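Numbering (my numbering), first residue to last: 5 to 365.
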């Protein structure tokens, strides 16, 4: 596998250069080819089985505890966390995933679904994936309890696994909760880039790390490989969060699937907001005020100001840096452990990195 991560890549270029060289095959992913996640996961054995475990976990005698999560599940999604778990296992030559691997994949997605329900409450979100959010549709109590229900279901799956998986799952859930709490609005606490990275690592990357760790831990006894794949999960998770922060400002609402500029409206310590505050733009100081103390059209003014500044370019560079770190980790795995890994499946993990950053296109 040959990977070219050029430090001189133009800031506007969102894709990592990757070449898969085996039997003179052409690379599945190039700079010019758009990244389709469906191509990456089309032949992943076990994904449909993991989704079936998720569906069976949504059954409850209380009708709403079944209806609310089922509504969220039917809204779709990338399923990127179970995909990551199964791809790591395939990279370690596990082509037919055993039941524990399927259960942990499903459990991690259930935890993610729970966080989405709770996030919609915290953010007072009206839309989710271009549809009415579960929170708006079913109300506070049903959404909150459904999120709790999903967490219990997730832990019931993980409880069947070994103590390392249980401990890692507990650690990830503690961290994502800490990340939510630490994500205090800018008008109540000043945030640095360092504190932003702590939040991103805990709130988002913790589940990505858990997904990659689980796939590796259940597939190999080589602890160095487990560590490297875990690092990869964290790196791609941080890149994913950074790109979400950028898309909150620059994306079309129909593509974003929810209201644009929520991070600005709520004064969240997103990457874009932290960089904008550091830019010296006087308008950015409005983030330090509560929403009812700002101009009524603050969000529109802020989006225009950010788009006319270098903030998005700077944020993009940070995101691409973490994507590059993730790709270099896979390159390291390929070079050091070629006998224990499957080159074609490692390449799919690189394609997953490419998909992550290609969302900016």
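Think of the CB as a built atom: it goes at the ideal place given N, C-alpha and C, for glycine as much as any other residue.
Bear in mind the structure is a predicted one, so any value in this text is a computation, not a measurement.
On the three-state DSSP scale, how would you describe residue 363?
Of the three classes helix, strand and coil, the one that applies to residue 363 here is coil, per DSSP.
From the DSSP output, in three-state form, read off residue 207 for me.
Of the three classes helix, strand and coil, the one that applies to residue 207 here is helix, per DSSP.
Reducing DSSP to helix, strand and coil, say where residue 264 ends up.
Residue 264: coil per DSSP, three-state reduction.
Taking buried to mean at least 16 other C-beta atoms within 10 Å of its own C-beta, is residue 286 buried or exposed?
Label assigned to residue 286: exposed.
Is the CB-CB distance between residue 323 and residue 247 below 9 Å?
A contact, by the Cβ cut-off of 9 Å.
In or out: residue 207 buried (at least 16 other Cβ within 10 Å) or exposed?
The residue in question, residue 207, is buried, as its Cβ has 16 or more Cβ neighbours within 10 Å.
Tell me the DSSP secondary structure of residue 303 in three-state form.
It is helical.
For residue 166, which option in 364, 344, 222, 311 has the closest C-alpha, if you only look at C-alpha atoms?
Checking every option, the nearest Cα to that of residue 166 belongs to 222.
From residue 339 to residue 137, what distance separates their C-alpha atoms?
Approximately 45 Å, taken between the alpha carbons.
Straight-line CA distance for residue 296 to residue 269?
Each residue's Cα considered, the two are about 10 Å apart.
In angstroms with no decimal places, state the Cα-to-Cα distance between residue 314 and residue 288.
Roughly 13 Å separates the two Cα atoms.
Got a sec, what are the start and stop residues for the alpha helix (DSSP H) residue 73 sits in?
Start and end: 67-78.
What are the boundary residues of the alpha helix (DSSP H) that residue 55 is part of?
First-last of the alpha helix (DSSP H) with residue 55: 51-61.
What residues are listed by DSSP as bridge partners for residue 339?
Looking at the DSSP assignment, residue 339 forms no beta bridge with any residue, so it has no partner.
Determine the direct distance from the alpha carbon of residue 209 to that of residue 266, and round the result to whole angstroms.
When rounded, the distance between both Cα atoms is 21 Å.
What does DSSP give as the partner residue(s) for residue 140 in the beta ladder?
According to DSSP, residue 140 bridges with nothing at all.
Give the straight-line distance between the Cα atoms of residue 62 and residue 112, rounded to the nearest whole angstrom.
The straight-line gap from Cα to Cα measures roughly 14 Å.
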